[in-house]
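Visitor: First residue of the sequence shown: 61, per the numbering used here; consecutive thereafter. Think of the CB as a built atom: it goes at the ideal place given N, C-alpha and C, for glycine as much as any other residue. Here it is: the structure, laid out below.
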Amino acid sequence: MAPARSKTSRLHVAVIGAGAAGLVAARELRRENHSVVVFERNTQVGGLWVYTPDSEPDPLSLDPNRTIVHSSVYDSLRTNLPRECMGYRDFPFVPRPEDDESRDPRRYPSHREVLAYLEDFARKFKLEEMVRFETEVVLVELEEKKWRIQFRNSVGISGDEIFDAVVVSNGHYTEPRVAYVPGIDSWPGKQVHSHNYRVPDPFNDQVVVVIGNFASGSDISRDITRVAKEVHIASRSNPSETYEKLPGSNNLWLHSMIESAHEDGSIVFKNGKVVQADTIVHCTGYKYHFPFLNTNGYLTVEDNCVGPLYKHVFLPALAPGLSFIGLPWMTLQFFMFELQSKWVAAVLSGQVSLPSEEKMMEDVTAFYAKRDANGIPKRYTHKLGGSQVEYLNWIAEQIDAPLLEQWRAEEVEGGYRRLATQSDTFRDKWDDDHLIVEAYEDFLRQKL
Ligand code: FAD
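Written out as C-alpha cells, the structure is:
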C-alpha cells in the first residue's frame, strides 16, 4: 500500500552527474517543484554513453591520482538489452519519425544511439538549463542539517553552495576492480582493464587472455578475435574442467579461471591448459566510489556494498537529505532510475513519507540477513537480477505508479537468457517479436 500523501515543500536540491540517472532525477525533482542544480564535470550530458577514443594513461587505472576518463564504452558497443524495454517509461527508446539517417534504428543499437536518445530526452524536457557543465563536485558534507557542496570548474575556480538535499548519481563504471592472479607480479605481459579498452587494433596478432565472461568480457573477447591470433576467456563461474571452443569465430576458447601466471609468459588455467599470452584484459567489473562524500562515517562502502541504504536509495540516519539514484545493477537501468527519482522527489516534497530511521534500519538489517543466509556474497548486494520485478514494483507502489508491464518483464528475462546462451548472435536473432508488438501497442495507447 502506498504511504499517505501530505503537504508539499520546495527544496533546493543538488544532483551530482548528468548521466541517464541524473537527468531523470533532475526532471522528476523539478516536476515536484524543487529548485535543482545538476553538477556535471563533463562538457555534455549522457555520462557513460559519451564515447571517447581516449583512455586513462594507467591501463589498469590503479593510480588514485590518475587523470580520470569517465566513460567505459568501447567503439563497437551495442546495447545488451532490447531498446523497447531499455528506455524511460514515459519517453520510450524507439525510432521516431523525426530521426535522420545518422540514427541507428536497430533493436540493439550502437552506443551512439543511446547518447542521441539521452540528448533528445534532455532537449525535450529542457534539462540542460539546470546543468552546470565542467563543474566537478569535490566535497559534499553536512552543515547544520543542510548540505554544503564544494565544486571546481575546468579553469580551477572553486566555489561552494548550500543545499537542502543531495542526490548522488555519479555512475559506478569508472573505478575498476582487478582480478588477483597468483604470480602476476613476475609475469612479463601487458594488462589492461576493460574501462580502458576502446578498439581491438592494439591486440593485432597477439595471444590474449580475457578475464570475465559477463556482458563486457563476452563482447570484448569477440571484438579482439577479429585481429588477434588467439583469445582465451577465463571465467571463475565455470567448473574447473571447462575448456571449449566457442561458436562464431575460429580463435576463441572458454576456460575455467586462471590458476597462475609465470615469468616465462605462460598462463596456466585451472583446467590444466597453458598458453603463452601477450596481454590480459580484465573484464572484472567496477567499484562504487564516492570520493567527494563526507557523511561523518554514516555511509560505508565495503566489498562493493554501499550501506546502510534503505531500498538501495536512502541512508536512514541522514534521510531524506542524502539519496542515491542508480546503484542496483542487472536490471532495467533507465526505468529504475525513473522510478527511484520519482520516489526521491516525492519524499523530499513531503508527498510521500519514509518510515522512521529505526524501521528503515530494521529493513536493511533484514535484507542483509537474507542475503547472507542465501549465501550471496556482499559484493552482490546491489545486484537485482531475479528480484528486480519485486523491487521495481515496490517503488512503483510507493508513488502510485503503474507496476512493471508484463511485456517489459518478459523482454528483459528473454534478453538475459539470449545474452547467456547465444552471446555471439543475441543482438540480431530473437524469438519474441510478439513482445515488440505489445510494447509498441502500449506506447501507442499512451501516445508516447
Ligand atoms: P553515468 O552514465 O556514468 O553518469 C554519471 C555522470 O556523473 C557522468 O556524466 C560523470 O561525468 C558525472 N560525475 C561523476 N562524478 C562527478 C563529480 N564528482 N562531479 C560532477 N559530475 C560527476 N545499461 C543499459 O540499460 N543497457 C546497456 O546496454 C548497457 N550497456 C552498458 C555497457 C557498459 C560497457 C557499461 C559499463 C554499462 C552499461 N550499462 C547499460 C549500464 C549503464 O551504466 C547505465 O545504463 C547508465 O547509463 C548509467 O547511468 P548513470 O547516470 O548512473 O551513470
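May I ask you to report which of helix, strand or coil DSSP gives Ser66?
Guide: Taking the sequence shown and counting its residues from 1, the one referred to as residue 66 is at position 6. Any answer about Ser66 is weak, because its pLDDT of 49 lies below 50 and its placement is not dependable; what the coordinates show is given next. Reduced to three states, the DSSP call for Ser66 is coil.
Visitor: Determine the extent of the alpha helix (DSSP H) in which Val404 is found, giving its start and end residues.
Guide: Along the sequence shown, one-based indexing puts residue 404 at 344. Segment 393-409, the alpha helix (DSSP H) holding Val404.
Visitor: When you compare each of Tyr346, Leu314, Lys347 to Gly332 by their alpha carbons, which one comes out closest?
Guide: Counting from one through the sequence shown, the residue named residue 332 turns up at place 272. Nearest of Tyr346, Leu314, Lys347 to Gly332, Cα basis: Leu314.
Visitor: Decide if Thr520 is buried, meaning its Cβ has at least 16 other Cβ atoms within 10 Å, or exposed.
Guide: Nothing in the structure corresponds to residue 520, since the chain is present only between 61 and 508.
Visitor: Flag Arg477 as yes when its Cβ comes closer than 8 Å to any non-hydrogen atom of the ligand NAD, and as no otherwise.
Guide: Absence of the ligand NAD from the depicted structure is noted, with the ligand FAD being the only ligands included.
Visitor: Just mark Gln251 as buried or exposed, buried being the case when its beta carbon has 16 or more other beta carbons within 10 Å.
Guide: Translated into positions along the sequence shown, residue 251 becomes position 191. Classification for Gln251: buried.
Visitor: From what residue to what residue does the beta strand (DSSP E) around Lys443 run?
Guide: For the purposes of this step, residue 443 is identified with residue 383 of the sequence shown, where counting begins at 1. Lys443 -> no beta strand (DSSP E), and no H or E assigned at all.
Visitor: On a CA-only basis, which of Phe427, Glu457, Ala456, Glu100 is nearest Lys443? Give me that one, please.
Guide: In the sequence shown, the residue the question calls residue 443 occupies position 383. It is Phe427 whose Cα lies nearest to the Cα of Lys443.
Visitor: Per DSSP, what kind of secondary structure is Ser276 in: helix, strand or coil?
Guide: The residue given as residue 276 occupies position 216 in the sequence shown. Ser276 falls in the helix class under three-state DSSP.
Visitor: Taking only three categories from DSSP, how would you classify His494?
Guide: Reading the sequence shown from its first residue, position 434 is the one you call residue 494. Helix.
Visitor: Is Arg101 a contact residue of the ligand FAD, with contact defined as CB to any heavy atom under 8 Å?
Guide: In the sequence shown, counting from the first residue as 1, residue 101 sits at position 41. Arg101 Cβ: within cutoff of the ligand FAD.
Visitor: Assuming His171 is part of the alpha helix (DSSP H), what are its boundary residues?
Guide: Start at 1 with the first residue of the sequence shown, and residue 171 comes out as number 111. 171-184 is the extent of the alpha helix (DSSP H) around His171.
Visitor: Are there 16 or more other CB atoms within 10 angstroms of the CB of Ala64, so buried, or fewer, so exposed?
Guide: Here residue 64 refers to the residue found at position 4 when the sequence shown is read from its first residue. Residue placement at Ala64 cannot be trusted, given a pLDDT of 46 that sits under 50; the coordinates are not used to answer.
Visitor: Near Ala62, which residues of its chain fall below 8 Å by C-beta distance, leaving aside the five closest residues on each side in sequence?
Guide: As a working note, residue 62 is residue 2 in the sequence shown. Below a pLDDT of 50, predicted positions are generally treated as unreliable, and Ala62, at 46, falls in that range; no measurement from the model is reported.
Visitor: Note down, one range per segment and in chain order, each alpha helix (DSSP H) of at least 4 residues found wholly within the segment 259-317.
Guide: The segment 259-317 contains these whole alpha helix (DSSP H) runs: 275-285.
Visitor: Within a Cβ cutoff of 6 Å, which residues of the same chain sit near Asn264, ignoring the five residues on either side of it in sequence?
Guide: Position 204 of the sequence shown, counted from the first residue, corresponds to residue 264. Excluding sequence neighbours, Asn264 sits near Val287.
Visitor: DSSP three-state label for Lys250, please.
Guide: On the sequence shown, position 190 is the one that residue 250 refers to. Reduced to three states, the DSSP call for Lys250 is strand.
Visitor: Would you mind giving the Cβ-Cβ distance between Phe193 and Ile209, rounded to the nearest angstrom? I have them listed as a contact below 8 Å.
Guide: Residue mapping note: residue 193 aligns to position 133 of the sequence shown, counting from 1. Residue mapping note: residue 209 aligns to position 149 of the sequence shown, counting from 1. Actually they do not touch by this definition, with Cβ atoms about 16 Å apart.
Visitor: For the ligand FAD, is there any heavy atom lying closer than 8 Å to the beta carbon of Ile385?
Guide: Here residue 385 corresponds to residue number 325 of the sequence shown, with the count starting at 1. Ile385: yes, Cβ under 8 Å from the ligand FAD.
Visitor: Would you mind giving the Cβ-Cβ distance between Glu323 and Lys330, rounded to the nearest angstrom? I have them listed as a contact below 8 Å.
Guide: Working through the sequence shown from its first residue, we reach residue 323 at position 263. Working through the sequence shown from its first residue, we reach residue 330 at position 270. That belief does not hold up - the Cβ atoms of Glu323 and Lys330 are roughly 20 Å apart, past 8 Å.
Visitor: Around the C-beta of Pro157, are 16 or more other C-beta atoms found within 10 angstroms, so that it is buried, or is it exposed?
Guide: Taking the first residue of the sequence shown as 1, we reach residue 157 at position 97. Under this definition Pro157 is an exposed residue.
Visitor: With DSSP as the reference, identify every bridge partner of His342, one or two as the case may be.
Guide: For the purposes of this step, residue 342 is taken as residue 282 along the sequence shown, with counting starting at 1. According to DSSP, which records beta bridges pairwise, His342 is partnered with His253, Ile271.
Visitor: Residues in the same chain with beta-carbon distance under 6 Å from Ile17, minus the five sequence neighbours each way, listed in chain order, please.
Guide: The structure shown has nothing for residue 17, since the chain only spans 61 to 508.
Visitor: Would the beta-carbon of Met190 be found less than 8 Å away from any heavy atom of the ligand FAD?
Guide: Taking the first residue of the sequence shown as position 1, residue 190 is located at position 130. It does not: the Cβ of Met190 is nowhere closer than 8 Å to a heavy atom of the ligand FAD.
Visitor: Please classify Lys402: is it buried, with 16 or more other beta-carbons within 10 angstroms of its beta-carbon, or exposed?
Guide: For the purposes of this step, residue 402 is identified with residue 342 of the sequence shown, where counting begins at 1. Burial call: buried.
Visitor: So, using beta-carbon positions, are Leu382 and Phe395 closer together than 9 Å?
Guide: Reading the sequence shown from its first residue, position 322 is the one you call residue 382. Reading the sequence shown from its first residue, position 335 is the one you call residue 395. No; because the gap between Cβ atoms is not below 9 Å, this pair is not in contact.
Visitor: Taking only the alpha-carbon atoms, compute the straight-line gap between Gly243 and Gly249 and give it to the nearest angstrom.
Guide: Sequence index remark: in the sequence shown, residue 243 carries index 183 (1-based). Sequence index remark: in the sequence shown, residue 249 carries index 189 (1-based). One C-alpha to the other measures close to 12 Å.
Visitor: Which word fits Gln506, buried or exposed, when buried means at least 16 other C-beta atoms lie within 10 angstroms of its C-beta?
Guide: Here residue 506 refers to the residue found at position 446 when the sequence shown is read from its first residue. So Gln506 ends up on the exposed side.
Visitor: Would a C-beta distance cut-off of 9 Å place Val98 and Gly77 closer than the cut-off?
Guide: Against the sequence shown, residue 98 aligns to sequence position 38. Against the sequence shown, residue 77 aligns to sequence position 17. Yes. Within cutoff.
Visitor: Pull up the distance between the alpha-carbon of Ile496 and that of Glu144, whole angstroms please.
Guide: As a working mapping, residue 496 is identified with position 436 in the sequence shown. As a working mapping, residue 144 is identified with position 84 in the sequence shown. C-alpha separation (whole angstroms): 7 Å.
Visitor: Would you call Val75 buried or exposed, if buried means 16 or more other Cβ atoms sit within 10 Å of its Cβ?
Guide: For the purposes of this step, residue 75 is taken as the residue at position 15 of the sequence shown. Under this definition Val75 is a buried residue.
Visitor: Can you name the start and end residues of the alpha helix (DSSP H) that Thr360 belongs to?
Guide: Sequence index remark: in the sequence shown, residue 360 carries index 300 (1-based). Thr360 -> not in any alpha helix (DSSP H); beta strand (DSSP E) instead, spanning 360-362.
Visitor: Under 8 Å from any heavy atom of the ligand FAD, does the C-beta of Gln393 make it?
Guide: What you label residue 393 is simply residue 333 of the sequence shown in a count that begins at 1. Yes, the beta carbon of Gln393 sits closer than 8 Å to at least one heavy atom of the ligand FAD.
Visitor: If I follow the unbroken alpha helix (DSSP H) through Ala85, where does it start and stop?
Guide: Within the sequence shown, residue 85 is the residue found at index 25, counting from 1. 80-91 is the extent of the alpha helix (DSSP H) around Ala85.
Visitor: Suppose contacts are defined by Cβ-Cβ distances below 9 Å. Is Ala321 in contact with Val241 by that definition?
Guide: The residue given as residue 321 occupies position 261 in the sequence shown. The residue given as residue 241 occupies position 181 in the sequence shown. Yes, Cβ-Cβ distance for Ala321 and Val241 is below 9 Å.
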